[in-house]
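Below: the structure, in structure tokens.
In this note's numbering, the protein residues as written are 39 to 755.
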């Protein structure tokens, strides 16, 4: 993966090379300098192959990325420390330009390819996210983007892998390439001012040792408390880079240890590198102390005797095919992940077969060879071109050339991203110009004739605005005093009295709030929406989540104290897929398990309870399905007989109780599933914004139908 250093930079500190045996033929182009560690190119190749194999065939991570991060700091520190020890200044501007001018050309090529492919292949529900990720990847903050978007109930496509997700490690690496030269320069200054008689390695090692200890402690803490954030957090990864730097500085001392001990350690490290992904929960427990396993194992391989002999790990790692793959490892890492994501999207498979995976690996190697040969190497060669030496000094021209490569790479990669953004804006403008006739939604008549040119609303790129939160945050006497209630909205004319209606429940109660609030406000009444996403009111099954358990208890007291005229709750619960006993979703629809007990305090307070039937759920995203089936929208429809119980569980519940008119049933199935067909699109409007939540656009179009059904059920005027 790492491709930031030249072959010269791979010569390890100090400059005195270890003796090289000729048990194995040395690959061509690597014999020029005896100190060049060919085996480390093989280690790179092994690490990237592990990453690819685990991603493609096992849908998990291997620890190979941790090795890459450690290696990148190892090489950077080795080359810079040699320079400082020789009395030269540590490179800052020229060092930054040197590394980024090598990293950006291939990265820009991959981002361009991903943007074009995603624009064509992926549904528009994912466009905005990928536009943001394209910019984040290009400017080396993708890890922070992913960290900030890890845990969000209302985020779309959380289960869909991004073709740019793997840029998180490159972003961390790029950030370190900014920070590490500053640390080395600071260490050099301290060394010259105060400790010039001592070894520079000791001074720099103290700085990196402090970083190692502090970052590892923080990594262990945040991995235990918030692993999803920790995985992408730069601070939780600093110690891996510090380990590489400490290894580079300590290698001269390590080389004095007995060869037999280092050889045994090297083989043990190599076996651990290969097996750690299979044994450890890399994805769930990294980057805490568990990440020490692959990184320390790789350090043992590096510290092993360097001569290329079959007795040493370097003999295996110096095999010509591995060395060649090491030269291509950066591009292989860049290309393999988007290729896998697009293959799974097009094929519809959840995993790649052995044959498909092998083809993906071969394709990644081929793509890397192309971008290395035709993009990266020409860019590097141009930076070292002597053709301008008569006009500009060679050192000055090199800096200008490196800056030009960085600017050109970023600029060229930004063009398709900008074009994509402009396309999204154009679609927004077209949608804004449409009239109610183009998108009547629930008000479409039988003779309504849709315009072929009219876009279906809401646009799949605008779904974030389709969550319903009408009104304002609860205030005054309506503001919950209990901190266990996190979401509360209100609207209408209270006049100092109790609200006419409280909507109580989870997001499936929330997704009717636009219609319910409009109905109440048009009648001059008042309403309150109190909810907790993913927490069905009355469900003991949901109480396994402490937040949900707390909400149910607090909301029950809150609503009972308000004593509203009516309380609207979702009384049944639907599912999307068959269960282990192969029961259909409809057969599984049932009344919320502890519903009767949880509504009793509300009834005791004098409120009427409207028990609403749940909406059907799908196993797929409605907007994505519609986006992929233009002209064949029936492919996205569902069957009410399959999704819902043949008998409304709410009606069965009320038949078994003697509530009279104090508890009544409300069923909107006929609106969503006319003639037994649950429609994905009604009146050129998406009924759902994902796989289970109604879109605000559709609910607002159906507010008249909702009001009619509500008043028929309750006799409320």
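Cβ atoms here follow ideal geometry from the backbone N, Cα and C, with glycine treated the same way.
Exercise. Compute the beta-carbon to beta-carbon distance between residue 171 and residue 180, rounded to the nearest angstrom, for a pair I have assumed lies under 8 Å.
Key: Numbered from its first residue, the chain shown carries residue 171 at position 133. Numbered from its first residue, the chain shown carries residue 180 at position 142. The pair is a contact, with the Cβ atoms about 6 Å apart (cut-off 8 Å).
Quiz item: Along the chain, where does the alpha helix (DSSP H) that runs through residue 188 open and close?
Solution: Here residue 188 is taken as the residue at index 150 of the chain shown, counted from 1. That residue, residue 188, is in no alpha helix (DSSP H); it is neither H nor E in DSSP.
Exercise. Run the CB neighbour count on residue 2, radius 10 Å, all protein chains shown included, and call it buried at 16 or more, exposed below.
Key: The shown model of the chain, from 39 to 755, leaves out residue 2, and the question about it has no answer.
Practice problem: Let me know if residue 279 comes out buried or exposed under the rule of 16 or more other beta-carbons within 10 Å of its beta-carbon. | Solution: If you number the chain shown from 1, residue 279 lands on position 241. Classification for residue 279: buried.
Exercise. Check whether the Cβ atoms of residue 333 and residue 104 lie closer than 8 Å to each other.
Key: On the chain shown, position 295 is the one that residue 333 refers to. On the chain shown, position 66 is the one that residue 104 refers to. Yes. Within cutoff.
Quiz prompt | Within 8 Å, strictly: CB atoms of residue 717 and residue 652 | solution = By 1-based counting over the chain shown, the position of residue 717 is 679. By 1-based counting over the chain shown, the position of residue 652 is 614. No, these two residues do not count as a Cβ contact at 8 Å.
Quiz item: Roughly how many angstroms separate the alpha carbons of residue 537 and residue 746, rounded to a whole number?
Solution: On the chain shown, position 499 is the one that residue 537 refers to. On the chain shown, position 708 is the one that residue 746 refers to. If I take the Cα positions, the gap works out to 20 Å.
Self-check item: residue 307 versus residue 570: straight-line alpha-carbon distance, rounded
Solution: What you label residue 307 is simply residue 269 of the chain shown in a count that begins at 1. What you label residue 570 is simply residue 532 of the chain shown in a count that begins at 1. Residue 307 and residue 570: Cα-Cα distance of roughly 49 Å.
Quiz prompt | Residue closest to residue 712, alpha-carbon to alpha-carbon, out of 469, 78 and 480 | solution = Position 674 of the chain shown holds residue 712. Of the candidates 469, 78 and 480, the one whose C-alpha sits nearest the C-alpha of residue 712 is 480.
Self-check item: Rounded C-alpha distance that separates residue 618 from residue 657
Solution: Against the chain shown, residue 618 aligns to sequence position 580. Against the chain shown, residue 657 aligns to sequence position 619. So the alpha carbons of these two residues sit roughly 16 Å apart.
Self-check item: residue 256 - DSSP class collapsed to helix/strand/coil
Solution: Along the chain shown, one-based indexing puts residue 256 at 218. Correct three-state label for residue 256: helix.
Quiz item: Which same chain residues, not among the five before or five after residue 343, have their C-beta less than 6 Å away from its C-beta?
Solution: The residue labelled residue 343 in the question sits at position 305 within the chain shown. Closer than 6 Å at Cβ, skipping near neighbours: 297, 300, 301 and 350.
Exercise. May I ask you to list the residues that DSSP assigns as paired with residue 629?
Key: Here residue 629 corresponds to residue number 591 of the chain shown, with the count starting at 1. In the DSSP secondary-structure assignment, residue 629 is bridged to 610.
Quiz item: If you drop the 5 nearest sequence neighbours on each side, which residues of the same chain put their C-beta closer than 7 Å to that of residue 286?
Solution: Numbered from its first residue, the chain shown carries residue 286 at position 248. Here the set comprises 51, 112, 115, 116 and 119.
Quiz item: Beta-carbon separation of residue 160 and residue 383 under 8 Å?
Solution: Within the chain shown, numbered from 1, the residue matching residue 160 stands at position 122. Within the chain shown, numbered from 1, the residue matching residue 383 stands at position 345. Cβ atoms of residue 160 and residue 383: closer than 8 Å.
Quiz item: So is residue 510 buried or exposed if we call it buried at 16+ other beta carbons inside 10 Å?
Solution: Counting from one through the chain shown, the residue named residue 510 turns up at place 472. When all chains shown are included, residue 510 counts as exposed.
Practice problem: Assign residue 726 to one of three DSSP states: helix, strand, or coil. | Solution: Here residue 726 refers to the residue found at position 688 of the chain shown. Three-state result, residue 726: strand.
Exercise. Along the alpha helix (DSSP H) that carries residue 83, what are the first and last residues, could you check?
Key: For this step, residue 83 is matched to residue 45 along the chain shown. First-last of the alpha helix (DSSP H) with residue 83: 76–96.
Practice problem: Ignore the nearest five residues each way along the sequence and tell me which others in residue 82's own chain have a CB closer than 6 Å to its CB. | Solution: For this step, residue 82 is matched to residue 44 along the chain shown. 364 and 367.
Practice problem: Helix, strand or coil for residue 288, going by three-state DSSP, please let me know. | Solution: Here residue 288 is taken as the residue at index 250 of the chain shown, counted from 1. Reduced to three states, the DSSP call for residue 288 is helix.
Quiz prompt | Beta-carbon proximity of residue 507 to residue 547, cut-off 8 Å | solution = Numbered from its first residue, the chain shown carries residue 507 at position 469. Numbered from its first residue, the chain shown carries residue 547 at position 509. No, the Cβ-Cβ distance between residue 507 and residue 547 is not below 8 Å.
Practice problem: Using three-state DSSP, classify residue 528 as helix, strand or coil. | Solution: One-based indexing of the chain shown puts residue 528 at position 490. Note: residue 528 maps to strand in three-state DSSP.
Self-check item: Terminal residues of the alpha helix (DSSP H) in which residue 565 lies
Solution: Position 527 of the chain shown holds residue 565. First-last for residue 565: 564–569, but that is the beta strand (DSSP E), not the alpha helix (DSSP H).
Practice problem: Give me the Cβ distance between residue 156 and residue 166, rounded to the nearest whole Å; I'm assuming they're in contact under 8 Å. | Solution: Position 118 of the chain shown holds residue 156. Position 128 of the chain shown holds residue 166. With a Cβ gap of about 11 Å, residue 156 and residue 166 do not count as contacting.
Self-check item: Within-8 Å CB hit, residue 686 to chain D
Solution: Included in the structure is just one protein chain, with no chain D present.
Quiz item: Which first and last residues belong to the alpha helix (DSSP H) in which residue 176 is found?
Solution: On the chain shown, residue 176 is found 138 positions in, with the first residue counted as 1. Note, residue 176: alpha helix (DSSP H), 165–176.
Quiz item: If we ignore side chains and look at the alpha-carbon of each, how far apart do residue 235 and residue 226 end up?
Solution: Position 197 of the chain shown, counted from the start, is the residue given in the question as residue 235. Position 188 of the chain shown, counted from the start, is the residue given in the question as residue 226. Their Cα atoms are separated by approximately 13 Å.
Quiz item: Count the other CB atoms within 10 Å of the CB of residue 668; is the residue buried (16 or more) or exposed (fewer)?
Solution: What you label residue 668 is simply residue 630 of the chain shown in a count that begins at 1. By the neighbour-count criterion, in which a residue is buried when 16 or more other Cβ atoms sit within 10 angstroms of its Cβ, residue 668 is exposed.
Quiz item: What residues match up with residue 716 in a beta bridge as DSSP calls it?
Solution: Locating residue 716 in the chain shown gives position 678, where the first residue counts as 1. Residue 716 pairs with 676.
Exercise. Please determine, among 178, 467 and 741, the residue with the shortest C-alpha to C-alpha distance to residue 556.
Key: Numbered from 1 along the chain shown, position 518 holds the residue referred to as residue 556. That would be 741, whose Cα lies nearest to the Cα of residue 556.
Practice problem: Could you pull the start and end residues of the alpha helix (DSSP H) that residue 329 belongs to? | Solution: In the chain shown, counting from the first residue as 1, residue 329 sits at position 291. Neither: residue 329 is in no alpha helix (DSSP H) and is coded neither H nor E.
Quiz prompt | Buried versus exposed, by CB contacts within 10 Å (16 or more), residue 204 | solution = Numbered from its first residue, the chain shown carries residue 204 at position 166. If you draw a 10 Å sphere on the C-beta of residue 204, you find 16 or more other C-beta atoms in it, and that means buried.
Exercise. With a 10 Å radius around its C-beta and 16 neighbouring C-beta atoms as the bar for buried, classify residue 734 as buried or exposed.
Key: On the chain shown, position 696 is the one that residue 734 refers to. Buried, because 16 or more other Cβ atoms sit within 10 Å of the Cβ of residue 734.
Quiz item: Which whole-angstrom value describes the C-beta separation of residue 243 and residue 288, a residue pair presumed to lie in contact below a C-beta threshold of 8 Å?
Solution: Position 205 of the chain shown, counting from 1, holds the residue named residue 243. Position 250 of the chain shown, counting from 1, holds the residue named residue 288. The beta-carbon distance between residue 243 and residue 288, rounded to whole angstroms, is 7 Å. This is short enough to meet the 8 Å contact definition.
Self-check item: Reference residue 421; option with closest CA among 434, 412 and 692
Solution: The residue labelled residue 421 in the question sits at position 383 within the chain shown. Nearest option by C-alpha distance: 434.
Quiz item: Among all the DSSP beta bridges, which residues are the ones paired with residue 338?
Solution: Residue 338 sits at position 300 when you count from the first residue of the chain shown. Answer is none; residue 338 lacks a bridge partner.
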